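Student: This is the structure I have questions about; it appears just below.
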Amino acid sequence: MIWRALSHRNFALFFAGQGISLCGTWMQSLAQSWLVYRLTGSPFLLGLVGFVGQVPVLAFGLFGGLLADRWPRRRLMVTTQVLSLVQAALLAGLTLSGRITVGWILALAALLGTINALDMPVRQSLVADLVPRSDLPSAIGLNSSAFNAARILGPSIAGIIVAAAGEGLCFLVNAASFLVVIACLLAIREGTDLRKGTDLKSVPFLAEGLRYAWQTPHVRGLLTLIAVLSLTAMPYAVVLPVYAGEILKTGPGGLGALMAATGVGALMGALQIARRGSIRGLGTVIAKAAALFGLSLLALAASTAFWLSLLAIIAVGYGMVTSMAGTNTLLQSLVPDSLRGRVMSLYTVVFLGLAPFGSLFAGAVAVHIGTPLTIATGGATALVSAAFFWRALPGIRRHV
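In our numbering, the protein residues as written are 1 to 400.
Set out below in structure tokens:
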């Protein structure tokens, strides 16, 4: 049941390319965070880099959904992957030549954020084009599994490379990994992606998607939960380098282990979603996962022992990804195909577009109250949001 989406050739190609490229993406994520921490030692600047890297999603994410509903999704994704390759190559060149500065990091983070704002709605909508609707839970779960398997492997490798050879080599490997995903996308056969563009005016076309999401209670409830978690709980990752360095007294290898442990829990959660034969009961799973996310963040905040932090952060990864992937699956399964790109762009906006404000706030707050209390605040808010979502479940169940 878990692997049935791989029986479709186009999805198998997409899955293989993503798996390799995402390892490079996670390597770059760790290397960039450690580079900022090494250059500045500032929690605020870590938060600022997270902010500028994600805030373009708020500005351009809805436009990405508009493109996904009007133009061939596979060709759009090839374009975004080429642009991502260029960004990683620039970051590698500046770092390896010794000319990297925080200013350059901020500028390139903003560039990648803009690319991702266009890429994510297209990527998520494309998955639904590659498999029949009956295999969509398997496809979304496997796609999330690839993302989180890479979260284990990428930081683990990056921690070793950064300690031995510096951050620049990680950026270079990431640039090379985009060649693989581009080749796989080009090998996907046309036939499932036949959009040729339309003459529909952009504003009314976009307004239709916004109106549907707001007037449909189960869609609105799912998007609200993700918005709160993204704004308050997920920014724990921004201050993780400070937590590793100052609370656990470890270096890039320890940070890599923490990020990999998050990936272990996240992979478990993603496989749980992929294993499901239907979406019935998924709302309850999402509510419980959001509560676990909050509780495990509180445990992480209280820990000063490395082994205990590893256990807590595995639970963090499981709760976070089960709630996110479950919400993604419900939205893609319940939303009409004609509106999917625009609704998934809203998912992208609340998932990533609000996160930069949480990142900036978490970095600023950590300077004043410390990293552990900042993480604990996010955990408490996640618990409250899970409770409110639990109360809304009867309305969601009527549509599942």
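C-beta atoms are modelled at their ideal positions from N, C-alpha and C, and glycine is treated no differently.
Fair warning: this is a prediction, and the values are worked out from it, not measured in the lab.
Taking DSSP as the reference, what is the three-state secondary structure of residue 131?
Tutor: Counting from 1 along the sequence shown, the entry for residue 131 is found at position 131. In this structure, residue 131 counts as coil in the three-state DSSP scheme.
Student: Expressed to the nearest angstrom, what Euclidean distance is found between the alpha-carbon atoms of residue 53 and residue 290?
Tutor: Here residue 53 refers to the residue found at position 53 of the sequence shown. Here residue 290 refers to the residue found at position 290 of the sequence shown. In a straight line, the C-alpha of residue 53 is about 25 Å away from that of residue 290.
Student: Suppose the cutoff is 6 Å on Cβ atoms and the five residues either side in sequence are ignored; what does the same chain contact list for residue 402 look like?
Tutor: Residue 402 lies beyond the residue range present for the chain, which begins at 1 and ends at 400; the question has no answer from this structure.
Student: Taking the alpha helix (DSSP H) that residue 56 belongs to, which residues open and close that run?
Tutor: To locate residue 56, count along the sequence shown from 1; it is residue 56. Counting along the chain, the alpha helix (DSSP H) containing residue 56 begins and ends at 43 to 70.
Student: Note down, in chain order, each residue of its chain lying with its Cβ closer than 6 Å to the Cβ of residue 196, except the 5 sequence neighbours on either side.
Tutor: Numbered from 1 along the sequence shown, position 196 holds the residue referred to as residue 196. Low per-residue confidence applies at residue 196: pLDDT is 47, beneath 50, and the placement is therefore not dependable enough to give any value.
Student: Can you check the stretch 114 to 185 for any beta strand (DSSP E) of at least 3 residues that lies completely inside it and give the ranges in chain order?
Tutor: The qualifying runs do not exist here; there are none.
Student: Within the same chain, show all residues whose beta-carbon is closer than 7 Å to that of residue 222, passing over the 5 residues directly before and after it, in chain order.
Tutor: The residue given as residue 222 occupies position 222 in the sequence shown. Closer than 7 Å at Cβ, skipping near neighbours: 327, 330 and 331.
Student: Taking just the CA atoms, how far does residue 395 sit from residue 406?
Tutor: Since the first residue shown for the chain is 1 and the last is 400, residue 406 is missing from the structure and cannot be characterised.
Student: Quick check on the DSSP output: what are the complete alpha helix (DSSP H) runs of length 4 or more inside the stretch 277 to 302, in order along the chain?
Tutor: Those alpha helix (DSSP H) runs which fall completely within the stretch 277 to 302 and span 4+ residues are 282 to 302.
Student: For the alpha helix (DSSP H) containing residue 306, name the first residue and the last one.
Tutor: As a working mapping, residue 306 is identified with position 306 in the sequence shown. First-last of the alpha helix (DSSP H) with residue 306: 306 to 334.
Student: Give me, in chain order, the residues of the same chain whose beta-carbon lies closer than 8 Å to that of residue 181; leave out the 5 immediate sequence neighbours on both sides.
Tutor: Along the sequence shown, read from residue 1 onward, the residue named residue 181 stands at position 181. The residues are 17, 18, 20, 21 and 81.
Student: Excluding the five sequence neighbours on either side, which residues of its own chain have a C-beta within less than 7 Å of the C-beta of residue 213, listed in chain order?
Tutor: Taking the sequence shown and counting its residues from 1, the one referred to as residue 213 is at position 213. Answer for residue 213: 219, 220, 223, 343 and 346, listed in chain order.
Student: Mapping the DSSP letters down to three states, classify residue 98 as helix, strand or coil.
Tutor: Locating residue 98 in the sequence shown gives position 98, where the first residue counts as 1. Coil, per DSSP.
Student: Do residue 145 and residue 4 have their C-beta atoms closer together than 8 Å?
Tutor: As a working note, residue 145 is residue 145 in the sequence shown. As a working note, residue 4 is residue 4 in the sequence shown. In this structure, residue 4 does not lie closer than 8 Å to residue 145 by Cβ.
Student: Rank 173, 237 and 143 by C-alpha distance to the C-alpha of residue 157 and give the top, closest one.
Tutor: As a working mapping, residue 157 is identified with position 157 in the sequence shown. For residue 157, the nearest C-alpha among the options comes from 173.
Student: State the CB to CB distance for the pair residue 412 and residue 115, rounded to an integer number of angstroms; the pair is presumed to be in contact (CB under 8 Å).
Tutor: Residue 412 cannot be examined here, being either before or after the span of the chain that is shown, 1 to 400.
Student: What residue range does the alpha helix (DSSP H) around residue 359 cover?
Tutor: Sequence index remark: in the sequence shown, residue 359 carries index 359 (1-based). Here the alpha helix (DSSP H) through residue 359 covers 355 to 369.
Student: Rounded to the nearest angstrom, how far is the Cβ of residue 358 from that of residue 232, given a contact under 8 Å?
Tutor: Counting from 1 along the sequence shown, the entry for residue 358 is found at position 358. Counting from 1 along the sequence shown, the entry for residue 232 is found at position 232. That pair is a contact at about 6 Å.
Student: Return the first residue and the last residue of the alpha helix (DSSP H) that residue 34 is part of.
Tutor: Walking along the sequence shown from the start, residue 34 turns up at place 34. First-last of the alpha helix (DSSP H) with residue 34: 9 to 40.
Student: Residue 226 lies in the alpha helix (DSSP H); which residues open and close that run?
Tutor: Numbered from 1 along the sequence shown, position 226 holds the residue referred to as residue 226. Its alpha helix (DSSP H) spans residues 217 to 232.
Student: For residue 34, does the count of other Cβ atoms within 10 angstroms reach 16, so buried, or fall short, so exposed?
Tutor: If you number the sequence shown from 1, residue 34 lands on position 34. Per the 10 Å Cβ criterion, buried.
Student: Quick one: using the 10 Å Cβ neighbour count with 16 as the cut-off for buried, is residue 305 buried or exposed?
Tutor: For the purposes of this step, residue 305 is taken as the residue at position 305 of the sequence shown. When all chains shown are included, residue 305 counts as exposed.
Student: I think residue 171 touches residue 272, with their Cβ atoms under 8 Å apart; what is that distance to the nearest whole Å?
Tutor: Start at 1 with the first residue of the sequence shown, and residue 171 comes out as number 171. Start at 1 with the first residue of the sequence shown, and residue 272 comes out as number 272. With 8 Å as the limit, residue 171 and residue 272 do not qualify as a contact, their Cβ atoms being about 33 Å apart.
Student: According to DSSP, is residue 193 helix, strand or coil?
Tutor: Within the sequence shown, numbered from 1, the residue matching residue 193 stands at position 193. In this prediction, residue 193 has a pLDDT of 48, which is less than 50 and means its spatial position is unreliable; what the coordinates show is noted afterwards. Residue 193: coil per DSSP, three-state reduction.
Student: Among 25, 360, 41 and 55, which has the Cα closest to the Cα of residue 85?
Tutor: In the sequence shown, the residue the question calls residue 85 occupies position 85. Residue 25 is the option with its Cα nearest to residue 85.
Student: Are residue 264 and residue 296 closer than 8 Å when you measure CB to CB?
Tutor: Mapped onto the sequence shown, residue 264 falls at position 264. Mapped onto the sequence shown, residue 296 falls at position 296. The answer is no: Cβ separation not under 8 Å.
Student: I'd like the span of the alpha helix (DSSP H) that includes residue 264, first residue to last.
Tutor: Position 264 of the sequence shown, counting from 1, holds the residue named residue 264. Taken as a continuous stretch (DSSP letters only), the alpha helix (DSSP H) holding residue 264 covers 252 to 275.
Student: Report the option in 312, 11, 132 and 73 whose CA atom is closest to the CA atom of residue 257.
Tutor: Counting from one through the sequence shown, the residue named residue 257 turns up at place 257. Cα-wise, what sits closest to residue 257 is 312.
Student: Look at residue 153 and residue 78 and say whether their C-beta atoms are less than 8 Å apart.
Tutor: By 1-based counting over the sequence shown, the position of residue 153 is 153. By 1-based counting over the sequence shown, the position of residue 78 is 78. Cβ distance not < 8 Å, so residue 153 and residue 78 don't count as in contact.
Student: Can you give me the start and stop residues for the alpha helix (DSSP H) that residue 245 sits inside?
Tutor: As a first step, residue 245 must be located in the sequence shown, where it is residue number 245. No alpha helix (DSSP H) holds residue 245; DSSP gives it neither H nor E.
Student: Under the rule that 16 or more other beta-carbon atoms within 10 Å means buried, what is residue 73, buried or exposed?
Tutor: Position 73 of the sequence shown holds residue 73. It counts as buried.
Student: Can you name, in chain order, every residue of its own chain whose Cβ lies under 7 Å from the Cβ of residue 123, other than the five neighbours on each side?
Tutor: The residue you call residue 123 lines up with position 123 of the sequence shown. Counting only Cβ-Cβ distances below 7 Å, and skipping sequence neighbours, we find 77.
Student: Going by beta carbon distance, what residues of the same chain come within less than 7 Å of residue 67, once the five residues before and after it are set aside?
Tutor: Your numbering for residue 67 matches position 67 in the sequence shown. Correct list, in chain order: 76, 118 and 122.
Student: Distance check for residue 210 and residue 216, CA to CA, integer angstroms please.
Tutor: Along the sequence shown, read from residue 1 onward, the residue named residue 216 stands at position 216. Along the sequence shown, read from residue 1 onward, the residue named residue 210 stands at position 210. In a straight line, the C-alpha of residue 216 is about 10 Å away from that of residue 210.
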